[in-house]
Amino acid sequence: MNTSTPHETDQQWRRDGEEIVWSRAYGPWVVEARCPVAAPFNGPSELSIRLAVGGSSEEIDQAMGEALETDGIPAALLRQIPLAEVKAGARAALAKQEDRATGLIPYPVPSRCRTEEDYALLVAELGRMRATGTTAPQGELARRLGIGKATMSERIKRARELALWDGQRLTEKATAILSQWHQNEESN
Numbered sequence: 000m001n002t003s004t005p006h007e008t009d010q011q012w013r014r015d016g017e018e019i020v021w022s023r024a025y026g027p028w029v030v031e032a033r034c035p036v037a038a039p040f041n042g043p044s045e046l047s048i049r050l051a052v053g054g055s056s057e058e059i060d061q062a063m064g065e066a067l068e069t070d071g072i073p074a075a076l077l078r079q080i081p082l083a084e085v086k087a088g089a090r091a092a093l094a095k096q097e098d099r100a101t102g103l104i105p106y107p108v109p110s111r112c113r114t115e116e117d118y119a120l121l122v123a124e125l126g127r128m129r130a131t132g133t134t135a136p137q138g139e140l141a142r143r144l145g146i147g148k149a150t151m152s153e154r155i156k157r158a159r160e161l162a163l164w165d166g167q168r169l170t171e172k173a174t175a176i177l178s179q180w181h182q183n184e185e186s187n
């Protein structure tokens with residue numbers, strides 16, 4: 000049974016509703032730790048191990064062979080679950096979310112806006128700057144990006160045309176795009 004070395008690319012953090020979830024593949028087994036965002040602690044409240052058999056018929060046969068060889072979940076796998084690493088990762092992910100929610104971390108606005116996501120990041124940063132008391136967010140963001148005020152105005156106009164900004168706040172469309180962006184960031 001090859002559960003001794005998990006593949007680093009097979010581990011990830013993701014947001015799932017009101018939980019952040021860590022998962023890692025160990026051979027044919029997938030270990031998942033769920034950490035509720037609103038819990039009074041940072042570690043997982045649920046740990047699951049499941050057989051994740053899929054792929055080609057050869058891959059299925061190999062994974063089923065490994066599972067049959069150990070007669071189910073192997074004790075060695077249980078000893079390999081890095082709970083300290085999961086707790087530390089949960090703390091870091093939750094702190095990052097809290098900093099973003101309280102406006103401490105600026106959104107990474109690209110110097111050029113090409114995609115809807117770029118424009119969503121732009122207006123999200125403007126909203127964050129307004130919420131934190133910046134007196135002239137458009138001018139300050141333009142300076143930070145090294146662009147002129149007219150260019151900034153054109154970008155904001157384009158964000159309105161894309162239905163990402165209503166002039167005062169983010170639209171539902173922008174919020175959905177940013178939600179997906181946050182999920183992608185959390186898994187990196």
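Residue numbers 0 to 187, in numbering that gives the first Met the number 0, belong to the letters of the sequence shown in order. Even glycine gets a Cβ: it sits at the ideal position worked out from N, Cα and C.
Which residues in the same chain as residue i place their Cβ atom closer than 7 angstroms to its Cβ, once the five residues preceding and following it in sequence are excluded?
i	result
L82	none
I72	W28 and I48
E52	First, the residue type needs correcting, since residue 52 is Val and not Glu in the sequence shown. P27, I59, A62 and M63, listed in sequence order.
D9	At D9 the pLDDT is 47, less than 50, meaning the model places this residue with poor confidence; the figure from the coordinates comes in the next sentence. R23 and A24, listed in sequence order.
T133	E139
K172	A162 and L163
K86	N41 and G42
R143	none
Counting only the same chain and skipping the five closest in sequence on each side, list residues whose C-beta sits under 8 angstroms from that of residue i.
i	result
L93	I19, C34, V36 and N41
D117	V108, P109 and R111
A175	none
S44	R33, C34, P35 and A38
S55	none
G16	none
T170	A162, L163 and W164
I155	L121, V122, L125, Q137 and W164
R157	C112 and Y118
Kindly identify the DSSP beta-bridge partner or partners of residue i.
i	result
D15	E18
W164	L169
L50	W28
C34	I19
E45	R33
If you check the beta carbons only, do residue i and residue j fall under 8 angstroms apart?
i	j	result
E84	P105	no
E139	M128	yes
G126	R168	yes
A130	L163	no
A66	L46	no
W21	G88	yes
For my contact list, residue i and residue j are in at a C-beta cut-off of 8 angstroms; report their separation, rounded to the angstrom.
i	j	result
W12	E185	5 angstroms
A141	M151	4 angstroms
Q137	R14	With 8 angstroms as the limit, Q137 and R14 do not qualify as a contact, their Cβ atoms being about 30 angstroms apart.
For residue i, collect the residues of the same chain with a Cβ closer than 6 angstroms to its Cβ; drop the 5 residues on either side in sequence, then sort them by chain order.
i	result
T4	Annotation note: pLDDT 44 at T4 (below 50); position unreliable, no value reported.
V80	Val is not the amino acid found at residue 80; the sequence shown has Ile there. Only V30 meet the Cβ criterion.
L177	A119 and A123
R90	N41
D166	At residue 166 the sequence reads Gly, which differs from the Asp that was named. No residues qualify anywhere along the chain.
Sufficient close CB pairs (3 or more, under 8 angstroms) joining the region 59-76 to the region 134-149: no
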